[in-house]
Amino acid sequence: MRISNITQFNRLQSSLRELNAGLAIAEEQISTGKRATRFSGLTGNDARISIELRTAISTRETYIDSINSTKLRAEVANAALLEMQTLATDLRVELIKQTQDLYKENLPIMNEFAKTQIDRLANLLNSQVAGVFVFSGPASNKPPIADPDAIRTNFASAVNTVVDAATNTAATIQGNADTEFNDRTETLSLDPFGTGVGQTTVRVFQTAHGLSVGDKVTFSGASAINGLDMNGTFTVSVVDTANHYKVEAMTQANATGNAGGGAAVVSTSKLFERAWQS
Numbered sequence: 693m694r695i696s697n698i699t700q701f702n703r704l705q706s707s708l709r710e711l712n713a714g715l716a717i718a719e720e721q722i723s724t725g726k727r728a729t730r731f732s733g734l735t736g737n738d739a740r741i742s743i744e745l746r747t748a749i750s751t752r753e754t755y756i757d758s759i760n761s762t763k764l765r766a767e768v769a770n771a772a773l774l775e776m777q778t779l780a781t782d783l784r785v786e787l788i789k790q791t792q793d794l795y796k797e798n799l800p801i802m803n804e805f806a807k808t809q810i811d812r813l814a815n816l817l818n819s820q821v822a823g824v825f826v827f828s829g830p831a832s833n834k835p836p837i838a839d840p841d842a843i844r845t846n847f848a849s850a851v852n853t854v855v856d857a858a859t860n861t862a863a864t865i866q867g868n869a870d871t872e873f874n875d876r877t878e879t880l881s882l883d884p885f886g887t888g889v890g891q892t893t894v895r896v897f898q899t900a901h902g903l904s905v906g907d908k909v910t911f912s913g914a915s916a917i918n919g920l921d922m923n924g925t926f927t928v929s930v931v932d933t934a935n936h937y938k939v940e941a942m943t944q945a946n947a948t949g950n951a952g953g954g955a956a957v958v959s960t961s962k963l964f965e966r967a968w969q970s
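Sequence positions in the sequence shown follow my numbering and run 693 to 970.
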């Protein structure tokens, strides 16, 4: 065989191999839907586009992960805030319920309820997502409420410091004369009731009574008062001064003057719920 014929044959064989390789690549592209299964299979502009796409996809995936994480934290924070709102409502309801009928035996109940609410609030503020505390701000690796017990202790200490560091304990609060429980009683001065003939309004003298319109007062041990029986429960209708207030009797007085004797006792019941109706 001549050299020229061999050269021509080799050239034809090489072309066939290239064509076969091209067909194989085309079949692979058709079956996979990809330009190439390996980066080395890309050439020229295709390689550059692939690198740029990989970077863009990675960036977008990072954005998506951040968005999903932020969304989850926001959902957890929102749920915690709603629960805090419920907590505040529960606290308000309990305080109204307790102060409407506040007796010494209620103190332990209110104390335990307050402790429970502090624990609930601490747990809500310590809400976290994937180890990140949602209410800690920049210091997201640290719980905002590290020690609920310390909060209770510090709060009690602060209250004691402001009010009376030496004597502001549960026992002394319970026994203080100015702690206004429903069963707070005191003996009134001589002839504390004043009446006007033909009137139902009775003026009561009680030093530093601290009462407001709508508060309840219960009198006992009072002697006859110009035809009126003042032993019973009445509602304060007018507060004249720090030492005088008025109530309404069921019948009219038959004389003008002061009466009631020296053994009249009053039990006061303040209308605490007014403070919680705003």
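We put the CB at the ideal spot given by N, CA and C, even for glycine.
#1: Between A956, L920, T893, which lies nearest to T927 when the distance is taken from Cα to Cα?
#2: Rounded to the nearest angstrom, how far is the Cβ of F827 from that of L817, given a contact under 8 Å?
#3: Under a Cβ-count criterion, where at least 16 other Cβ atoms within 10 Å of its own Cβ denotes burial, should V930 be classed as buried or exposed?
#4: Could you tell me whether the Cβ atoms of T948 and V909 are closer together than 8 Å?
#5: For D883 versus A951, is the C-beta spacing smaller than 8 Å?
#6: Along the chain, where does the beta strand (DSSP E) containing G906 start, and where does it finish?
#7: When the distance is taken between beta carbons, is Q891 closer than 8 Å to Q809?
#8: Going by DSSP, what residue range makes up the beta strand (DSSP E) through K834?
#9: When you compare only the Cα positions, how much space is there between T899 and L920?
#10: Roughly how many angstroms separate the alpha carbons of M776 and R895, rounded to a whole number?
#11: Pick from E786, S750, I837: whose alpha carbon is nearest that of N815?
#12: The beta strand (DSSP E) that contains N923, what's its start and end?
#13: For I917, list the residues DSSP reports as bridge partners.
#14: Quick one: measure Cβ to Cβ for A914 and G953, integer angstroms, because I've assumed they're closer than 8 Å.
#15: With V894 as the anchor, note down where its beta strand (DSSP E) starts and where it stops.
#16: Apply the 10 Å Cβ neighbour rule to D907 and answer buried if 16 or more other Cβ atoms are within range, or exposed otherwise.
#17: Between A822, S706, T877, which lies nearest to S959 when the distance is taken from Cα to Cα?
#18: Determine the direct distance from the alpha carbon of R812 to that of D782, and round the result to whole angstroms.
#19: Using a Cβ-Cβ cut-off of 8 Å, state whether P840 counts as contacting chain B.
Walking through what the data contain:
#1: T893
#2: 5 Å
#3: exposed
#4: no
#5: yes
#6: Per DSSP, G906 belongs to no beta strand (DSSP E) and is neither H nor E.
#7: no
#8: Unbroken run through K834: none, as it is neither H nor E.
#9: 22 Å
#10: 47 Å
#11: I837
#12: Segment: none, N923 is in no beta strand (DSSP E) and carries neither H nor E.
#13: L920
#14: 6 Å
#15: 893-897
#16: buried
#17: T877
#18: 12 Å
#19: No chain B appears in this structure, which consists of one protein chain only.
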